[in-house]
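Remarks on the structure that follows.
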Amino acid sequence: MGVPACSKLQVPDSSLETAAVFPSSSSTVKVTAGGQSTTPPDGSRDRAGFLSAKRTDFLPANTEGKVSVAPGSPDRNMAVERANIDKTPLREAKLPIVWVLGGPGCGKGTQCDKIVAKYGFTHLSSGDLLREEVGSGSERGKQLTAIMERGELVPLAVVLDLLAEAMLKKLSGSKGFLIDGYPREVAQGEEFEKEIAPCSHILYFEVSDATMTERLLKRGQTSGRVDDNEETIKKRLDTFHKHSEPVIAAYAAKCSKIPAERSVDDIFADVSAALDKL
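Counting in the numbering used here, the sequence shown runs from 14 upward without gaps.
Laid out in structure tokens, this is it:
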């Protein structure tokens, strides 16, 4: 049973940030209503390059489904052609690259704005970059639109291309980069560091599930967002913990955990203390 197409394409951050990593560019992530996550062709679940991502919060309204990994072929699944990008300038510039993590409603957007104002960093969100690409009408944008309308996730390689292109455009006038909400998997972080440049530091904003739920429900009273309801929020938080906690553990040596249930200025004082060391 296929997932019904959206009447109007909506591009939530999760369609990029939880994209899976595959050993072959012809593999795809496909959403099937009520389906289960399948194993790779060789039957293993932990081999290098494979992630079994499960997300429901990016699905069209009134759709219940699981993200499953399905081996594909070029004639069955449209592949997005990768851009030929020289990333050498990014590595040679050696500007700070900070990954910014935290659950939905943790307040990291507010803190990113303050970091930009004080430090001159460039704030990039993979979800925003996807929306811009889709809205540009480019050939890649059209391919991305088709992928998401089929209920599939954008391949990680495309996410990395979008990030690298945006970083290169801002390179000359930037003093560093904030990569918001990325990575959502350890393998995504590894691919970023291999393809683009090493991460300098991670800011992780810690907020209790109860507080995040309260904030999101309050936002939902005026936002009109279909994912700002209690059932979906619980799923989003469960997914966040499942995928992000291994990232925090893997990069513990360069991660600052910042308690974020305080005033904006108190939180930013801790942010500044961490960034001033870079």
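Glycine included, C-beta positions come from ideal geometry on N, C-alpha and C. Keep in mind the model is a prediction, meaning the values are calculated, not measured.
Next on the checklist: Tell me whether the stretch 99 to 116 and the stretch 192 to 211 touch, counting them as touching only if at least three CB pairs, one residue from each stretch, are closer than 8 Å.
Outcome noted: The answer is yes - the stretch 192 to 211 touches the stretch 99 to 116, with three or more Cβ pairs under 8 Å.
Next on the checklist: Rounding to the nearest angstrom, what Cα-Cα distance links A262 and E198 in this structure?
Outcome noted: Here residue 262 corresponds to residue number 249 of the sequence shown, with the count starting at 1. Here residue 198 corresponds to residue number 185 of the sequence shown, with the count starting at 1. Answer to the nearest angstrom: the Cα atoms are 11 Å apart.
Checklist entry - If you drop the 5 nearest sequence neighbours on each side, which residues of the same chain put their C-beta closer than 6 Å to that of F218? => result Taking the first residue of the sequence shown as 1, we reach residue 218 at position 205. Within the same chain, F218 has close Cβ partners G115, C119, K121, I271, A273.
Checklist entry - Where does H254 land, buried or exposed, given buried means 16+ other C-beta within 10 angstroms? => result Numbered from 1 along the sequence shown, position 241 holds the residue referred to as residue 254. By the neighbour-count rule (16 or more Cβ atoms within 10 Å), H254 is not buried but exposed.
Item to check | Uninterrupted alpha helix (DSSP H) stretches inside the stretch 155 to 225 (no shorter than 4 residues) | outcome: List check, alpha helix (DSSP H) in window: 169 to 183, 199 to 208.
Item to check | Contacting residues, own chain, Cβ-Cβ under 6 Å from G133 (five flanking each side not counted) | outcome: Walking along the sequence shown from the start, residue 133 turns up at place 120. Its chain contains K188 as the residues whose beta carbon lies nearer than 6 Å to that of G133, once the 5 sequence neighbours on both sides are disregarded; these appear in chain order.
Item to check | Own chain, CB closer than 7 Å to P259, minus 5 neighbours either side, in chain order | outcome: The residue you call residue 259 lines up with position 246 of the sequence shown. Contacts found: V199.
Checklist entry - Taking the DSSP output, what are the residues bridged to V111? => result Position 98 of the sequence shown, counting from 1, holds the residue named residue 111. In DSSP, V111 forms a bridge with L191, H214.
Item to check | Cβ contact check for the stretch 273 to 291 and the stretch 123 to 138: 3 or more pairs under 8 Å | outcome: Output reads yes: the stretch 123 to 138 touches the stretch 273 to 291.
Next on the checklist: According to DSSP, simplified to helix, strand and coil, what is S269?
Outcome noted: Your numbering for residue 269 matches position 256 in the sequence shown. S269 sits in a strand when the DSSP states are folded into three classes.
Checklist entry - Going along the chain, which residues of its own chain have a beta-carbon closer than 7 Å to the beta-carbon of K290, five neighbours each way excluded? => result As a first step, residue 290 is located in the sequence shown; it is residue number 277 there, counting from the start. Cβ neighbours of K290 beyond the five flanking positions: none.
Next on the checklist: Can you tell me whether A130 is buried or exposed? The criterion is at least 16 other CB atoms within 10 Å of its CB, across all chains shown.
Outcome noted: By one-based count along the sequence shown, residue 130 stands at place 117. Classification for A130: exposed.
Checklist entry - Taking the alpha-carbon positions, what's the S276 to D241 distance? => result One-based indexing of the sequence shown puts residue 276 at position 263. One-based indexing of the sequence shown puts residue 241 at position 228. Across the structure, S276 and D241 are spaced so that their CA atoms are roughly 23 Å apart.
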